[in-house]
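Novice: Count the sequence shown with my numbering and you get residues 65 to 712, in order.
Below is a structure I'd like to ask you about.
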Amino acid sequence: MSLSKYFSLLPQSPVSHRHHLLFLRFLSFSSPEDAAAERRRRKRRLRIEPPLSSSNRSGPRPPISPNANPNAPKLPETTSALTGNRLNLHNKVLSLLRERQFTEAALSVRHHIYSNCRPTIFTCNSVLFSLLNHRLYPDFLSLHRFFTQASIAPNLVTFNLLLQAYCDIRKPETALETYRTMLNSSPFSPSPTTYRILTKGLVDTDRLSRALELLPEMREKGIGADSIVYNNLMLGCVKAGELEKAIEIFGELKQNLKVYDGIVHGTLMKGYFSKGMDKEAMECYESLFNLGFKMNAISYNSVLDALAKNAKFDEAEGLFDRMLNEHDPPRRVTVNLGSFNVMVDGFCSQGKFQEAIDVFRKMSEKMCSPDTLSYNNLIEQLCNNGLLREAEALYNEMAEKSVNPDEFTYVLLVDACFREKKENEAAGYFEKMVETGLKPNVVAYNKVIGGLVNASKIDEATKFFEQMREKELKPDTKTYDFVLRGLCEQSRFDEVLKIVGDVLKNDEVLDTETKEFVFDSLRKVERDGELQNLFDEREREKAEALAKEAEEASKSEEAAKAASEGATIGDGEAKADDAQAVQALSEGEALAVHSEAAYEDMESSSKGPKGDVTSVEGDMVEAKEVGAFAEEGEEGKDSANIEQVGTS
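Shown next, in the form of structure tokens:
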């Protein structure tokens with residue numbers, strides 16, 4: 065039915081009752097432009113006539129915070145701040161982090177702090193997490209200090225990252241201070257993750273008693289029993305040989321935890337194994353399945369590690385097969401990267417390296433992606449057992465899996481190549497490490513330099529030695545020992561003397577054995593005197609420098625002494641001038657008192673007969689002259705004092 069026919073069927077009202085007509089609003093428009101025009105009209109009307117709900121308020125709004133404390137901590141930003149340019153900056157920083165460009169990501173965040181596009185706390189936390197995850201602790205602490213100085217309000221994740229950093233570098237006391245600061249000055253409370261980090265850090269540094277004190281604090285904060293926190297405490301008790309205390313904590317956990325996930329069973333088994341109670345340990349293991357606990361990957365890994373490291377590898381293999389069968393992501397996750405690492409270590413300890421490689425490659429089948437640490441773990445075990453070819457195959461596989469090798473990966477391959485007498489391949493791996501933008505440290509350079517020197521390839525060794533200096537990386541005593549021994553063996557004594565001269569010039573030291581070896585080598589060619597001259601000249605320069613410092617120190621002391629004596633003399637003269645001024649002032653006051661007394665006598669005498677008026681006037685004139693004389697004396701003494709002070 066058309067709209068016109070619909071209107072024709074409506075009853076027609078008389079003209080006198082036109083105000084009772086019901087106007088129907090059209091439910092559609094002829095064009096999008098008409099719809100947009102209608103929306104604009106309604107918005108204008110709402111601006112002119114506010115909705116009725118705005119007039120139903122009982123009174124004016126109270127002020128938000130009339131007496132707000134300016135020193136109150138700022139609230140952290142919410143996720144709604146990630147919009148517009150700030151979201152674009154966040155995505156840009158994440159892309160840099162995925163490409164392992166941590167320095168560029170940190171610089172980008174630093175530069176945008178004082179720009180119109182200020183990064184959110186979520187962007188800052190992403191950079192901090194990446195630095196922490198790759199153990200770049202100095203960069204992490206420096207960037208966190210910068211964020212604090214820039215007044216970026218931290219959230220709970222920021223505090224937890226800082227606690228984790230302090231625990232990783234084995235500074236639990238600093239972590240506890242940070243925890244106290246969070247309790248006293250932060251607008252939020254700690255989470256179970258906070259106590260997990262603290263208890264693990266304290267247990268790892270043998271502070272079990274302090275870790276146990278956190279348990280009642282966690283309850284006071286309203287945080288329920290956390291199985292990971294209890295597991296950390298039980299692990300500390302087992303480590304300290306206090307199995308009874310671990311069992312006591314386990315009993316407390318069973319009473320307070322509503323849903324038990326079996327995570328502490330592995331720790332309890334380790335405690336029994338450490339006491340030689342294998343029967344009790346296996347009974348604990350069997351009870352885990354008899355009770356029907358639904359365990360996750362973390363719980364399984366704890367039990368798996370206890371079996372694999374205590375001569376129960378057959379049972380560990382059976383448990384691992386069960387974990388693989390129960391694994392059904394995303395509904396249930398029973399294996400993760402840690403599970404495969406435990407089994408790889410177990411197979412390698414049994415000498416079953418091919419089985420370890422096969423298990424490692426099963427990760428992709430179970431939707432697990434190996435990381436750099438997992439590759440390094442297996443590559444290290446293969447290299448240490450002479451399986452360089454298999455290790456190189458894993459290294460090549462890393463590129464296919466988009467896993468970036470780190471410095472440790474290359475150092476493992478370099479060391480293994482030198483053991484297999486493949487010096488060129490070792491140097492090639494080291495050069496590739498530098499080309500990829502990685503920064504080898506002194507230990508890495510010592511590996512390649514020492515290996516090349518042992519292979520009598522001194523030219524290649526000195527090339528890496530010079531590269532080390534160009535990168536402003538300070539060599540240590542082991543580096544100099546490798547280079548100097550290699551040069552002496554090839555009778556390149558001019559270079560030896562030059563390097564020793566640079567060492568002395570830079571105030572570096574040589575190992576005693578290295579120094580004796582160089583002296584013996586030069587003595588054979590009768591050039592030990594040149595080396596001795598270098599040491600004597602350096603000692604003379606040091607003595608001259610010390611004498612010059614002592615002379616400058618004595619001069620500065622004499623200057624300070626002279627300045628103090630001058631200040632003392634000036635203070636004495638000032639005190640003398642003050643004393644003279646006080647004396648003159650007292651004399652003037654005495655004269656003034658005398659003149660006032662004379663004036664009072666004249667007043668008393670003026671009350672006598674009129675015939676004495678002339679004498680009274682004469683006395684008054686005399687009194688005025690005395691007062692004028694006193695004032696002149698006062699001014700004269702003051703001017704004399706001023707002249708004396710100016711002269712001094």
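Cβ atoms here follow ideal geometry from the backbone N, Cα and C, with glycine treated the same way.
This one's a predicted model, so the numbers in the text were calculated from it and none came from an experiment.
1. Which same chain residues, not among the five before or five after residue 443, have their C-beta less than 7 Å away from its C-beta?
2. Does the separation of the CB atoms of residue 205 and residue 239 fall below 9 Å?
3. Run through the DSSP bridge pairs and tell me what residue 396 is partnered with.
4. Take residue 431 and list the residues in its own chain whose beta-carbon comes closer than 8 Å to its own, dropping the five residues that flank it on each side.
5. According to DSSP, is residue 84 part of a helix, a strand, or is it coil?
6. My output table needs one value for residue 483: the three-state DSSP class, helix, strand or coil.
7. I'd like the ranges of any beta strand (DSSP E) spanning at least 3 consecutive residues and lying wholly in the stretch 249 to 320.
8. Can you grab the Cα-Cα spacing for the pair residue 434 / residue 513, in whole Å?
9. Shortest alpha-carbon distance to residue 291 belongs to which of 326, 283 and 412?
10. Could you check where the alpha helix (DSSP H) with residue 180 kicks off and where it finishes?
11. Should residue 202 be labelled buried (16 or more other beta-carbon atoms within 10 Å of its own) or exposed?
12. Using 8 Å as the cut-off, can you tell me whether the stretch 332 to 342 makes contact with the stretch 377 to 395, which would need three or more C-beta pairs spanning the two stretches below that distance?
13. Are the CB atoms of residue 482 and residue 509 within a distance shorter than 9 Å?
14. Apart from the five residues just before and just after residue 594, which ones in its own chain have a Cβ nearer than 8 Å to its Cβ?
15. Tell me the residue span of the alpha helix (DSSP H) that contains residue 531.
16. Out of 565, 350, 502 and 554, which has the shortest C-alpha to C-alpha gap to residue 163?
17. Decide yes or no for the touch test of the stretch 149 to 158 against the stretch 221 to 241: beta carbon pairs closer than 8 Å, at least 3 of them.
18. Could you pull out every residue in the same chain whose Cβ sits closer than 7 Å to the Cβ of residue 462, ignoring the five residues on either side in sequence?
19. By Cβ distance, which residues of its chain are closer than 7 Å to residue 362, with the 5 residues on each side in sequence left out?
20. Just verifying my parser: in three-state terms, what is the DSSP assignment at residue 236?
21. Return the chain-ordered list of same chain residues with a C-beta closer than 6 Å to the C-beta of residue 288, the five sequence neighbours on each side being excluded.
22. Run the CB neighbour count on residue 142, radius 10 Å, all protein chains shown included, and call it buried at 16 or more, exposed below.
23. What do you get for residue 450, buried or exposed, if any count of 16 or more other CB atoms within 10 angstroms of its CB means buried?
24. If I measure Cβ to Cβ from residue 252 and keep anything under 6 Å in the same chain, skipping five residues before and after, which residues do I get?
25. Are residue 157 and residue 140 closer than 9 Å when you measure CB to CB?
26. Between residue 548 and residue 516, is the Cβ-Cβ spacing less than 9 Å?
27. Would you grab the beta carbon distance between residue 387 and residue 398 for me? Rounded to a whole angstrom, and I think it's under 8 Å.
28. Would you kindly check if the distance between the Cβ of residue 324 and the Cβ of residue 293 is under 9 Å?
29. Short check: CB of residue 207 to CB of residue 188, under 9 Å?
30. Cα separation between residue 537 and residue 530?
31. Can you tell me whether DSSP reads residue 412 as helix, strand or coil?
32. What are the boundary residues of the alpha helix (DSSP H) that residue 213 is part of?
33. Name the residue from 465, 499 and 236 whose alpha carbon lies nearest to the alpha carbon of residue 428.
34. Is it right to say residue 610 is buried, meaning 16 or more other beta carbons lie within 10 angstroms of its own, or is it exposed?
35. Using 10 angstroms around the beta-carbon of residue 646, count the other beta-carbons present and answer buried if the total reaches 16, otherwise exposed.
36. So, for residue 257: in the same chain, excluding its five sequence neighbours on each side, which residues have a beta-carbon less than 7 Å away from its beta-carbon?
Specialist: Put simply:
1. Result list for residue 443: 455, 458, 459, 473 and 476, in chain order.
2. no
3. Paired residues: 392.
4. 393
5. Since pLDDT at residue 84 reaches only 43, below the 50 mark, its modelled position is unreliable, and the value read off the structure follows with that caveat. Three-state result, residue 84: helix.
6. helix
7. none
8. 32 Å
9. 326
10. That residue, residue 180, is in no alpha helix (DSSP H); it is neither H nor E in DSSP.
11. exposed
12. no
13. no
14. Closer than 8 Å at the Cβ level, and outside the excluded window around residue 594, lie 561 and 586.
15. 522 to 534
16. 502
17. no
18. 439 and 469
19. 327
20. helix
21. none
22. exposed
23. exposed
24. 220
25. no
26. no
27. About 5 Å; that satisfies the 8 Å criterion.
28. no
29. yes
30. Rounded to whole angstroms, residue 537 to residue 530 spans 10 Å at the Cα level.
31. helix
32. It spans 201 to 213 - the alpha helix (DSSP H) in which residue 213 sits, taken as one unbroken run.
33. 465
34. Counting Cβ neighbours within 10 Å, residue 610 comes out exposed, since fewer than 16 surround it.
35. For residue 646, the pLDDT reaches just 48, beneath the cut-off of 50, and the residue's location in the model is therefore unreliable, leaving the point undetermined.
36. Same-chain partners within the cutoff: 224.
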